[in-house]
Amino acid sequence: MQGGAVSERSKEPIQPILISFDYDRAKIELGKKLFFEPRLSKSGWISCNSCHNLSTGGADNLPSSIGHKWLFGPINSPTVLNAKFNLAQFWDGRAKDLKEQAKGPIANPMEMASNHEIAVRVLQSIPEYVQWFKEVYKDEKITIDNVADAIAAFEETLTTPNSRFDWWLKDYDDKLSEFEKEGYDLFKSKGCINCHNGFGVGGNSFQKFGIAKPYDKDTQTLGRYNVTKDEKDKYVFKVPLLRNIELTAPYFHDASAWNLSEAVNIMAEYQLGITLTADETNKIVAFLRTLTG
Numbered sequence: 001m002q003g004g005a006v007s008e009r010s011k012e013p014i015q016p017i018l019i020s021f022d023y024d025r026a027k028i029e030l031g032k033k034l035f036f037e038p039r040l041s042k043s044g045w046i047s048c049n050s051c052h053n054l055s056t057g058g059a060d061n062l063p064s065s066i067g068h069k070w071l072f073g074p075i076n077s078p079t080v081l082n083a084k085f086n087l088a089q090f091w092d093g094r095a096k097d098l099k100e101q102a103k104g105p106i107a108n109p110m111e112m113a114s115n116h117e118i119a120v121r122v123l124q125s126i127p128e129y130v131q132w133f134k135e136v137y138k139d140e141k142i143t144i145d146n147v148a149d150a151i152a153a154f155e156e157t158l159t160t161p162n163s164r165f166d167w168w169l170k171d172y173d174d175k176l177s178e179f180e181k182e183g184y185d186l187f188k189s190k191g192c193i194n195c196h197n198g199f200g201v202g203g204n205s206f207q208k209f210g211i212a213k214p215y216d217k218d219t220q221t222l223g224r225y226n227v228t229k230d231e232k233d234k235y236v237f238k239v240p241l242l243r244n245i246e247l248t249a250p251y252f253h254d255a256s257a258w259n260l261s262e263a264v265n266i267m268a269e270y271q272l273g274i275t276l277t278a279d280e281t282n283k284i285v286a287f288l289r290t291l292t293g
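Each residue of the sequence shown is one higher than the one before, starting from 1 at the first, in the working numbering.
Shown next as structure tokens:
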């Protein structure tokens with residue numbers, strides 16, 4: 001069956017990304033310029049794209065990002081692609097949305113190391129930005145809220161539809177091999193699907209890292225506890241998105257896995273309390289590669 005009427009696949013726990021053209025194009029173009037704008041940083045060298053490189057899957061493929069004065073951040077940078085599907089932003093969910101998240105790195109001393117007042121003054125000193133902001137925000141002055149709003153509007157467009165798996169969900173059967181389909185069946189039957197579902201194949205819940213077995217590779221990063229100060233939230237993190245996962249190594253908040261097979265086996269051991277065979281791991285990895293859009 002190809003592209004026919006509604007099928008049973010419409011009930012799958014993962015659904016294809018919908019394509020939308022309902023955007024404010026002027027705001028998006030402004031947000032794009034700001035996303036790539038290194039002058040928002042103290043050094044004039046670091047932009048949003050430095051850590052969330054759109055040419056490398058929306059991440060930087062480093063264990064932790066390099067910030068101001070060559071400082072390394074404390075945690076692995078997640079991809080910006082499909083970030084609109086996250087229930088909150090950052091690993092610990094401290095930002096409720098993309099707009100709130102966009103303000104953080106600008107003033108973080110280990111990242112862009114500026115502050116909101118200086119960043120706004122820099123933009124006010126550039127005639128082109130004054131004009132662009134006026135076109136989008138009319139008579140409002142350039143503010144950090146408008147800066148973040150424009151960046152968030154651009155990031156909202158950074159979705160990756162039309163993966164092979166998306167096409168299979170739309171009943172184009174030839175888009176997946178039998179090996180990959182078996183991987184998806186295992187992904188569901190072993191329990192991966194319980195956390196990795198929805199449009200982003202994750203990002204819609206917080207879970208403790210080490211449900212079945214205490215995670216001992218990193219006991220310093222406290223996760224959601226940093227926000228709530230609730231003991232039960234220690235080592236609880238936002239479930240990462242799995243779309244384009246083959247592009248965004250290393251994996252996990254602590255960057256402890258450099259290939260998908262290793263990451264899948266760690267999840268099986270610490271989250272599910274099971275040991276996968278090599279064949280099962282290979283099939284699940286094959287399925288994960290079909291999520292690249």
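The beta carbon of each residue, even a glycine, is placed where N, CA and C say it ideally should be.
Query                                                                                                          : Result
Leu40 classed as buried or exposed, judged by whether at least 16 other C-beta atoms fall within 10 angstroms  : buried
Length at least 4, wholly inside the region 165-222: the alpha helix (DSSP H) runs in chain order              : 178-189
Expected contact under 8 Å - CB spacing of Thr104 and Leu81 to nearest Å                                       : Reading off the sequence shown, one finds Gly at residue 104, where the question assumed Thr. Wrong, their Cβ atoms sit about 18 Å apart, outside the cutoff.
Closest Cα partner of Thr219 within the set Gly67, Lys234, Asp92 and Val147                                    : Lys234
Three or more C-beta pairs below 8 Å linking the region 191-200 and the region 85-100                          : yes
Contact under 8 Å by Cβ, Thr157 with Asn244                                                                    : no
Of the listed residues His116, Gln101, Phe179 and His196, nearest to Ile151 (C-alpha basis)                    : Gln101
Unbroken stretches of the alpha helix (DSSP H), 4 residues or longer, contained in the region 17-56            : 25-35 and 48-51
Buried versus exposed call for Asp254 [16 or more other C-beta atoms within 10 Å across all chains shown]      : buried
Cβ shell of Gly210 (< 7 Å), same chain only, five flanking positions each side left out                        : Tyr235 and Tyr270
Assigned exposure category for Ala59 - 16 Cβ within 10 Å defines buried                                        : buried
Three-state secondary structure assigned by DSSP to Val239                                                     : coil
According to DSSP, residues forming a beta bridge with Tyr251                                                  : Ala257
For Met1, the three-state DSSP class (helix, strand or coil)                                                   : For Met1, the predicted structure reports a pLDDT of 47, less than 50, and the residue's modelled location is therefore unreliable. The matter cannot be settled from this model.
Own chain partners of Cys51 with C-beta closer than 7 Å, once the 5 adjacent residues on each side are dropped : Asp60, Ser65 and Ser77
Span separating the alpha-carbon of Lys138 from that of Glu37                                                  : 22 Å
8 Å CB neighbourhood of Trp45 in its chain, flanking five on each side removed                                 : Pro38
Rounded straight-line distance, which links the Cα of Lys190 to that of Phe266                                 : This sequence places Ile at residue 266; Phe is not what is there. Cα to Cα, the separation comes out at about 13 Å.
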